[in-house]
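Asks: Structure below; questions to follow.
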Amino acid sequence: MFTYQPPADLLKDRIILVTGAGDGIGRAAAHAYAAHGATVILLGRTLEKLEKVYDELEAAGAAQPAIVPLNLETAAEHDYIELSNQLHDTFGHLDGLLHNAGVLGVRTPLENYDPVIWDQVMKVNVNAPFLMTQTLLPLLQKSEDASIIFTSSGVGRKGRAHWGAYSVSKFATEGMSQILADELENLTSVRVNCINPGATRTSMRAYAYPAEDPQTNPTPEEIMPLYLYLMGPQSKDVNGQSMDAQGNGSA
Ligand SMILES: NC(=O)c1ccc[n+]([C@@H]2O[C@H](COP(=O)([O-])OP(=O)(O)OC[C@H]3O[C@@H](n4cnc5c(N)ncnc54)[C@H](OP(=O)(O)O)[C@@H]3O)[C@@H](O)[C@H]2O)c1
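Below is the structure:
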């Protein structure tokens, strides 16, 4: 596991948007960021889940969060422009963007892959992060020290049979992260990195590996050190990296 001891006020006064914040790793990240002082914008498709996280953060005494219900499969450019306008009016800038929402699609050979599901996976995992990043970049550039984190996977670095659109979408994610990091290097205070969470105890993992004992994998809460490190000021000079939340690294 990546090891890092963040100070309690690591993210004090920072405005951080987390996609897929209602469940799994995104929910844990929202909690971790809020617990370290951030105001978290909870974006996801299921309002009830977002409201539950909102209530949990309020009960924990965190800064008042915001909720953005948005289905990333159907969202269009105007939705992102509206989001950007709302964030601009409410906060004036953005310090962090965690692209975490994702869908698995089906596990089947490419030969049989349903093109409709292919399209759904690409929309949520690739097109949405592209459009959201493009639209929110001006707000991120207003921050003195902003961080964009993309979410990859082991199958985004080495293709594996039957992982289809999911694997291709994660290769695309690694590429998008590298391109953006290179484009922004030395030009702005925005850094861009990618996290491979590794096998983690969530609904997606259970769906992908129904026969596996979930207890063999760490919880989303356990993999948070890298998510905190890359979001906080101590990673200011880290750009264009793809890191493993369960790797041997430390900071
Ligand atoms: N868990 C692992 O072992 C593992 C390993 C490698 C990479 N990852 C990556 O880590 C990220 C988080 O995965 P997870 O395991 O936490 O999955 P999860 O428990 O299934 O959570 C996925 C989140 O994404 C949201 N989401 C899905 N489709 C959406 C859409 N159309 N619009 C808006 N939000 C949407 C979900 O919202 P709803 O709850 O409302 O559906 C949910 O909050 C993903 O990018 C995944 O590919 C996970």
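For the record, in the sequence shown the residue sitting at position 87 is 87 according to the working numbering, with numbers rising by one throughout. We put the beta carbon where it would ideally sit given N, CA and C, even for glycine.
For F91, does the three-state DSSP call read helix, strand or coil?
Replies: coil
Asks: Between which two residues does the alpha helix (DSSP H) holding P69 run?
Replies: First-last for P69: 66-69, but that is the beta strand (DSSP E), not the alpha helix (DSSP H).
Asks: Checking the sheet assignment: what are the DSSP bridge partners for T151?
Replies: I195
Asks: Assign T200 to one of two classes, buried (16 or more other C-beta atoms within 10 Å of its C-beta) or exposed (fewer than that).
Replies: buried
Asks: Just curious, the beta strand (DSSP E) that G24 is in, first and last residue?
Replies: Looking at the DSSP string, G24 is not in any beta strand (DSSP E); the run it does join, the alpha helix (DSSP H), is 24-35.
Asks: Using the C-alpha atoms, what's the distance from A245 back to D114?
Replies: 31 angstroms
Asks: Out of T19, P129, G24, point me to the one whose CA is closest to N217's CA.
Replies: Answer by Cα proximity: G24.
Asks: Ligand 1 heavy atoms versus the CB of R27: any closer than 8 angstroms?
Replies: yes
Asks: Here's the rule I'm using: 16 or more other beta-carbon atoms within 10 Å means buried, otherwise exposed. How should T19 be labelled?
Replies: So T19 ends up on the buried side.
Asks: Measure from the alpha carbon of T133 to the alpha carbon of each residue in E77, N112, G92, then state which is nearest.
Replies: E77
Asks: From P138, M224, D213, pick the residue whose C-alpha is nearest to that of N196; which is it?
Replies: M224
Asks: Is it true that the CB of I15 sits closer than 9 angstroms to the CB of F91?
Replies: yes
Asks: For the stretch 118-125 against the stretch 151-167, do three or more pairs of beta-carbon atoms, one drawn from each stretch, fall closer than 8 angstroms, so that the two count as touching?
Replies: Using a Cβ-Cβ distance cut-off of 8 angstroms, the stretch 118-125 and the stretch 151-167 are in contact, since at least three pairs of beta carbons, one from each stretch, lie closer than that value.
Asks: Quick one: using the 10 Å Cβ neighbour count with 16 as the cut-off for buried, is G22 buried or exposed?
Replies: buried
Asks: According to DSSP, A146 sits in a beta bridge with which residue or residues?
Replies: V190
Asks: Going by CA-CA distance only, name the one from L87, E73, N186 that's closest to A128.
Replies: E73
Asks: Say whether chain D places a C-beta atom closer than 9 angstroms to the C-beta of I195.
Replies: The structure shown contains no chain D; it is built from a single protein chain.
Asks: On the criterion of 16 or more Cβ atoms from any shown chain inside 10 Å, does N186 qualify as buried, or is it exposed?
Replies: By the 16-neighbour rule on beta-carbons within 10 angstroms, N186 is exposed.
Asks: For the alpha helix (DSSP H) holding L137, just list the boundary residues, first then last.
Replies: 128-140
Asks: Output the distance between the C-alpha atoms of N112 and V106, rounded to the nearest integer angstrom.
Replies: 10 angstroms
Asks: How about V68 and L57: are their beta carbons less than 9 angstroms apart?
Replies: no
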